[in-house]
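Okay, so here's the structure we're looking at.
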């Protein structure tokens, strides 16, 4: 192919899979773009990042600057939700090359009359774009360049910064080349900074043995707000299937009065757009959502695409389920296991297009009728990736502020792919990372590889599905460590509440499952009880709100500390106006001591210079003036959260 | 976008810049393809690499096998010159999933009548593709599957390898997905394995002071062949410009009788498709090329796209050069330097399309009229990249066996880009890599990063343009080391001959340039003189021909050896039927001793097992039976080239 262009543009970053997938930011963040840009020969190249919001007509431009080895860099800020496009444009800047070459010839003592005549041609081209004032200046300079008698004035102007700036301001992009456009999706801040709380609304009653209601939940909102949570997530609130309903502790035969699993969605009372009657009415739910909003809490709904055998879809759309040659319906299974309370959606259905649209409508119903803006999606990895890509794009087209949390605990590439398809946040392996080495390796994978561009972790110490070994029978110190790590390593964090706060960790023997799990039965909690855990969780959440450095996940640096039971890290906000230094004792039984290496270079201070570290949890302050500082942490309060003041 | 597919295919390798550029192989090599391939849910996926030569109609297929973490792998062999395409196809294999699930249910003691009925459907689909024999078998099995009385036979067949193999043989690619096609260019073997020799034909005369001719060169062919070189490269053989001709030692004023630089191409006698008359006629050149061929030597021509001021193009196509406003022509320059014997080609010319075509014609002239198949391209980095991409593609379309060596000694990304545009081989920084650390770092960059896929290094210890510091005044040991390293680290190597063999390293003071360089004057050599260097160069080249491991660049592993002056490496051919172990003393003055770690695991032998190492240079043999073995090398013969026999 004949192509006269001279500039090569390669390795534009951030870029995922050759531009197939988009990267992510939140409003007001920057996208730092790098690229290899170079031409043949000795000529100077110039390049820009061009960017625009999907709804804007014109591209905005920011000039790139060289870093090293033919790499260039520039960053732009995203100010609106939705998609932005960005690309790199590069060109040989003939005018700047002329000035650069002429400058060197003059310095070498050469006579440059011929070069000045060339320069006059560049100035004439400039004039077409210049302001009136600039035009007057250019006319004067052209006069100098073309009259030998003005030679001294000419060479002064030829090498002037003023002319240089005009060349930069109005580049002649002859034979310019550009990279393919890439995309970044911009979410609201909550995509990056959120604090989730989960409880079962049916366990919200004050009265033991009574089915909780949305009204009971309303009464608990002040408690949730006081503890500093901003997102209240409920397991599914839809009618629970009655056919093949599960009993207590996941038994396949339910007894009379067993309430079933909220994830067994759908009965004669309705399906994914209905509410389980024992919880209350649509009006009650709307009231709850609005009251929560007044307290700064968003209600997050569960979006679980599966059906109980008595879900209305089964009769209305039998083609959305798989039927076997013997006329029976296909239950969910992972051979040899079968799950007879659940029918999977048959995505290979011939009626798949209507099926997809109905799923979208089910999500939009809660968005449009109840103002829901946050979904926790159940087992997204058992539905097609491109289905999610489509569904989330459709929702965000109309409601760019809707957030989706991916509940996939599975293989790395599967979890990553869901994030690439558009999930705002993702559950993680944090729940099983216990040692210092495990924690550092995992957080560095999330924050120092290209996952930082699209996979936003949400760290949970536990969920109703996971009662991790480390918490089973774990003491108060373990619980304190786990929540502190979750809430300070990651800017998105969540807690499956009462069992954690009250250290209820009884498990099905040999499994990471809760005994008497709320998934299958009502539980009763004394919601008024405060203890050290509720107090410290509250303080930690307060610190997260007060410190922008804790609202960032990627801005982290692990620090050397010479003790395998102590982990230390430095966090900062983008402009480094907020900096914190965190140290955790990972040993639940013994006090640990060590010397931590303060990141003086990052902090911009030299050794010997004093700085104050203020523990925002305890209120204690220390003055440090060394690079290596001594710390000791006891399991009774196994962490420091130091705000650094210089 | 609605897309029902379920399989994700990502990170297909080898892949350069998202498929913009092609990778390279030589005939009979393999392309090992890897990809991440996975689906949602628990279903098994299957995938294949599809590949075809550009001229083939049908895709060939090779099934991939899983390696780890959702990565898959398969390799295919390329047997013809030219482009191949390859891509990955993946699908959920419903039939295999059915067999896998049914197998587990049977093992679990479940009754699988319903599953067998499902299975019958898969078998009916199979029948459409099966051979008659297979059809008969399938009919029997369908009978079993659909009759409860044959249940025992049915479950035996359901889980049989025979059925499994049929499912694998005839996959139902329902909702299959595929990656975008990628390209590999396949060269002849010489692209990977070549041994170049360079001399100036005008210095070929036996008689001192007399201009050498092609006939003189013919007389030297047996010497070149005997020394084991397979490619004889000449600086440009075109008429040399007379206007502004350069004098001895690059002086700007030529004296009467000065022969000028062969790179100052073109005079009233002709340009890029003419021959410098003092060298001989077209017929003489043709004779030389053919005689060389008989001796197993290809003549490589210089392709230097620039013109002396009196090149015929300047008059015939003034628009192919840049004219300044004062009416003078633009000389080559790198301000403040000017090169008044050279006019650069003006690629920004309005007549660029004709210009490009004429350049192509100039190359094709030598290919078609003289059978030239190897070009060394002068300063390709000062001409547009896409020009080269186009020109080389056009040449190879008709003559896929033409090879291009890129003579660019410049910034890394520039050199890499030329290789990406299609250069077969590239000059390298080897010339300036002296220490063990420098050599290892550089060779690992070339062979362990993606450069291995497209950048084929050609290691030269010197060129007429580069008289490197390390060789200036260097003793015999340095020369031996440098050629040995060049010729054994890289499978492509070259030598600017007589000055190296006779250790003529006088330099322009403070520069890496030869004094009395042949670039500007005739030199006279006693071509009959044999010495230790000519002898050992010959032996090294013999070893390269005898040992396939030395015909590979990428198949290298550096070995631990506890002495900074000793470098050791293990080389192998693709099927490891030839394995060599090489050790070099980098110190030109002192003997060095050290313990080298033999790569027992790569060799597939255990410690204590004896192996014989046979030095193919000296003929000595040793028996080694330890992992760490002692070596001592003296500067008089500073290397071992061990053939390993187990």
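Protein chains in written order, with our numbering: chain L, 197 to 842; chain P, 197 to 842.
Note that CB positions come from ideal geometry on N, CA and C, so glycine has one too.
Predicted, not measured: the structure shown is a model, and the values here were computed from it.
Notebook entry, point to check: Roughly how many angstroms separate the alpha carbons of residue 634 (chain L) and residue 761 (chain L), rounded to a whole number?
Noted result: The residue given as residue 634 (chain L) occupies position 438 in the first chain. The residue given as residue 761 (chain L) occupies position 565 in the first chain. Straight-line Cα distance between these residues: approximately 12 Å.
Note to self: Strictly below 7 Å CB to CB, what residues from chain P border residue 206 (chain L)?
What the structure shows: For this step, residue 206 (chain L) is matched to residue 10 along the first chain. Those within 7 Å of residue 206 (chain L) in chain P are 213.
Notebook entry, point to check: Buried or exposed: residue 266 (chain P), going by 16 or more other Cβ atoms within 10 Å of its Cβ?
Noted result: Mapped onto the second chain, residue 266 (chain P) falls at position 70. With 16 or more Cβ atoms within 10 Å of its Cβ, residue 266 (chain P) is classed as buried.
Notebook entry, point to check: Hey, which unbroken runs of the beta strand (DSSP E) at 3 residues or more fall wholly within the stretch 199–258 of chain L?
Noted result: 203–209, 219–222, 226–235 and 241–249
Check: Can you tell which of L:774, L:616, L:536 and L:461 has its C-alpha closest to the C-alpha of residue 212 (chain L)?
Finding: Residue 212 (chain L) sits at position 16 when you count from the first residue of the first chain. Checking every option, the nearest Cα to that of residue 212 (chain L) belongs to L:616.
Checklist line | Positions along the stretch 555–574 of chain P whose CB lies within less than 7 Å of some CB in chain L | finding: none
Check: Do residue 397 (chain L) and residue 300 (chain P) have their CB atoms nearer than 7 Å?
Finding: The sequence position of residue 397 (chain L) within the first chain is 201, counting from 1. The sequence position of residue 300 (chain P) within the second chain is 104, counting from 1. The answer is no: Cβ separation not under 7 Å.
Checklist line | Contiguous alpha helix (DSSP H) assignments of at least 4 residues, all confined to the stretch 430–513 of chain P | finding: 478–490 and 508–512
Checklist line | Check whether residue 506 (chain L) and residue 437 (chain L) have beta carbons under 7 Å apart | finding: Working through the first chain from its first residue, we reach residue 506 (chain L) at position 310. Working through the first chain from its first residue, we reach residue 437 (chain L) at position 241. Their beta carbons are under 7 Å apart, which means residue 506 (chain L) touches residue 437 (chain L) by this criterion.
Margin query: Cutting at 7 Å between CB atoms, please list the residues of its own chain near residue 808 (chain P), excluding the five before and the five after it.
Written below: Position 612 of the second chain, counted from the first residue, corresponds to residue 808 (chain P). Within the same chain, residue 808 (chain P) has close Cβ partners 817, 819 and 841.
Checklist line | Contacting residues, own chain, Cβ-Cβ under 6 Å from residue 466 (chain L) (five flanking each side not counted) | finding: For the purposes of this step, residue 466 (chain L) is taken as the residue at position 270 of the first chain. If we look at residue 466 (chain L) and ignore the five residues flanking it on each side, its Cβ neighbours are 435.
Next item on the list: Determine which residues of the stretch 310–326 of chain L have a Cβ less than 7 Å from any Cβ of chain P, and write them out in chain order.
Entry: 310, 313, 314 and 317
Check: Does residue 578 (chain L) come within less than 7 Å of chain P when only Cβ atoms are used?
Finding: As a position in the first chain, residue 578 (chain L) is number 382, starting the count at 1. It does; some Cβ of chain P falls within 7 Å.
Check: Touch check for the stretch 373–388 of chain L and the stretch 597–612 of chain L: three-plus C-beta pairs under 8 Å?
Finding: yes
Next item on the list: Taking only heavy atoms of the ligand PLP into account, decide whether any of them is closer than 6 Å to the Cβ of residue 335 (chain P).
Entry: Of the ligands one can find in the structure shown there are none, so the ligand PLP has no counterpart to examine.
Check: Between the C-alpha atoms of residue 571 (chain L) and residue 376 (chain P), what's the straight-line distance to the nearest angstrom?
Finding: By 1-based counting over the first chain, the position of residue 571 (chain L) is 375. By 1-based counting over the second chain, the position of residue 376 (chain P) is 180. Distance between the alpha carbons of residue 571 (chain L) and residue 376 (chain P): 34 Å.
Check: Just the Cα atoms here: how many angstroms apart are residue 782 (chain L) and residue 763 (chain L)?
Finding: What you label residue 782 (chain L) is simply residue 586 of the first chain in a count that begins at 1. What you label residue 763 (chain L) is simply residue 567 of the first chain in a count that begins at 1. Cα to Cα, the separation comes out at about 7 Å.
Check: Counting contacts by CB-CB distance shorter than 7 Å, is residue 530 (chain P) in contact with chain L?
Finding: Position 334 of the second chain, counted from the first residue, corresponds to residue 530 (chain P). It does; some Cβ of chain L falls within 7 Å.
Note to self: For the structure I just gave you, are there three or more beta carbon pairs, one from the stretch 659–666 of chain P and one from the stretch 353–372 of chain P, closer than 8 Å?
What the structure shows: no
Notebook entry, point to check: Excluding five sequence neighbours on each side, which residues of the same chain lie with their C-beta closer than 6 Å to the C-beta of residue 774 (chain L)?
Noted result: Walking along the first chain from the start, residue 774 (chain L) turns up at place 578. Cβ neighbours of residue 774 (chain L) beyond the five flanking positions: 743, 744 and 745.
Margin query: Assuming residue 295 (chain L) is part of the alpha helix (DSSP H), what are its boundary residues?
Written below: Along the first chain, one-based indexing puts residue 295 (chain L) at 99. Counting along the chain, the alpha helix (DSSP H) containing residue 295 (chain L) begins and ends at 290–303.
Margin query: Output needed for residue 704 (chain P): all residues of its chain with C-beta closer than 6 Å, excluding positions within five of it in sequence on either side, in chain order.
Written below: Against the second chain, residue 704 (chain P) aligns to sequence position 508. Here the set comprises 711.
Margin query: Out of P:733, P:259, P:708 and P:707, which one is the CA nearest neighbour of residue 694 (chain P)?
Written below: Here residue 694 (chain P) corresponds to residue number 498 of the second chain, with the count starting at 1. The option with the nearest alpha carbon to residue 694 (chain P) is P:733.
Next item on the list: Report the neighbours of residue 369 (chain P) on chain L: residues whose CB is nearer than 9 Å to its CB, in chain order.
Entry: Working through the second chain from its first residue, we reach residue 369 (chain P) at position 173. Within chain L, no residue comes near residue 369 (chain P); the closest Cβ sits about 13 Å away, beyond 9 Å.
Checklist line | Contact between the stretch 821–832 of chain L and the stretch 776–794 of chain L (3+ Cβ pairs under 8 Å) | finding: yes
Next item on the list: Spatial neighbours of residue 621 (chain P) within its chain, please: CB distance less than 8 Å, with the 5 preceding and 5 following residues excluded, ordered by chain position.
Entry: The count along the second chain starts at 1 and reaches residue 621 (chain P) at position 425. Same-chain partners within the cutoff: 387, 390, 599, 600, 601, 602, 652, 653, 654 and 688.
Next item on the list: Count the C-beta pairs between the stretch 197–211 of chain P and the stretch 342–362 of chain P that are closer than 8 Å, then say yes if the count reaches three, no if not.
Entry: no
Checklist line | Members of the stretch 537–556 of chain L that neighbour chain P once the beta carbon cut-off is set at 8 Å | finding: 543, 544, 548, 549 and 552
Checklist line | Below-7 Å beta-carbon distance, residue 646 (chain P) vs any chain A residue | finding: Protein chains L and P are contained in the structure displayed, whereas chain A is not.
Note to self: Between the alpha carbons of residue 740 (chain L) and residue 749 (chain L), how many angstroms are there, rounded?
What the structure shows: Counting from one through the first chain, the residue named residue 740 (chain L) turns up at place 544. Counting from one through the first chain, the residue named residue 749 (chain L) turns up at place 553. Cα-Cα distance, rounded: 12 Å.
Next item on the list: Look up residue 338 (chain P) in the DSSP assignment and give the residues it is bridged to.
Entry: Numbered from 1 along the second chain, position 142 holds the residue referred to as residue 338 (chain P). According to DSSP, which records beta bridges pairwise, residue 338 (chain P) is partnered with nothing at all.
Check: Any idea if residue 252 (chain L) is buried or exposed, counting beta-carbon neighbours within 10 angstroms, 16 or more meaning buried?
Finding: Taking the first residue of the first chain as position 1, residue 252 (chain L) is located at position 56. Under this definition residue 252 (chain L) is an exposed residue.
Margin query: Could you tell me which whole beta strand (DSSP E) segments of length 3 or greater appear in the stretch 711–768 of chain L?
Written below: 752–755 and 762–768
Notebook entry, point to check: Residues of chain P with CB under 8 Å from residue 586 (chain L), in chain order?
Noted result: The residue given as residue 586 (chain L) occupies position 390 in the first chain. Here the neighbours are 197, 198 and 199.
Check: When the Cα atoms are used, what is the spatial distance from residue 491 (chain L) to residue 414 (chain L)?
Finding: The residue labelled residue 491 (chain L) in the question sits at position 295 within the first chain. The residue labelled residue 414 (chain L) in the question sits at position 218 within the first chain. The straight-line gap from Cα to Cα measures roughly 11 Å.
Next item on the list: Output yes or no for whether 7 Å exceeds the beta carbon distance between residue 843 (chain L) and residue 522 (chain P).
Entry: Residue numbering for chain L in the displayed model covers 197 to 842; residue 843 (chain L) lies beyond these limits and cannot be assessed.
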